[in-house]
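Student:
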Amino acid sequence: MLIPIRCFTCGNLIADKFQEYNEMQESSQSQEEILGSLGVERYCCRRMLLTTVETIQQVIPFYEAIQKRRVDVQSEMK
Ligand SMILES: [Zn+2]
C-alpha cells in the first residue's frame, strides 16, 4: 500500500520522508541511524516507516486483468 501521509498515533508528517528513507536503504547505515538522520525520533513514527510494505507493483496486474475482462464483457454484449 501507499505510505500513510501522517503517523497514525501522533499525526506527525511522515510521507515526505519515505522516498529519502528508501534511498538511504542502499547505504550501509543502520535503521536507527537512517531514521535519526531523517529526524524521525518517536517510535510511533519510526514504526510507520519501518513497517510499510509497498505492494502497488504486485496489485497493478490484477487491475489490468479486471480492466481487460471488463472490455471483453462489453464487447460480447454488443
Ligand atoms: Zn508518531
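Just so we're aligned: the sequence shown equals residues 1220 to 1297 in the working numbering. The C-beta atom is built at its ideal place from N, Cα and C for all residues, glycine as well.
#1: What is the rounded straight-line gap between the Cα of A1281 and the Cα of C1263?
#2: Pick out whichever of E1295, Q1293, V1259 and I1275 has its Cα sitting closest to the Cα of N1231.
#3: Is the beta carbon of T1270 within less than 8 angstroms of some heavy atom of ligand 1?
#4: Pull up the distance between the alpha-carbon of Q1277 and that of E1295, whole angstroms please.
#5: Taking only three categories from DSSP, how would you classify R1261?
Tutor: With the structure as the only source:
#1: For the sequence presented, residue 1281 should be read as Phe rather than Ala. Cα to Cα, the separation comes out at about 32 angstroms.
#2: Taking only the C-alpha atoms, the option nearest N1231 is V1259.
#3: No, since every heavy atom of ligand 1 falls outside the 8 angstroms radius drawn around the Cβ of T1270.
#4: Q1277 and E1295: Cα-Cα distance of roughly 29 angstroms.
#5: Residue state, collapsed to three classes: coil.
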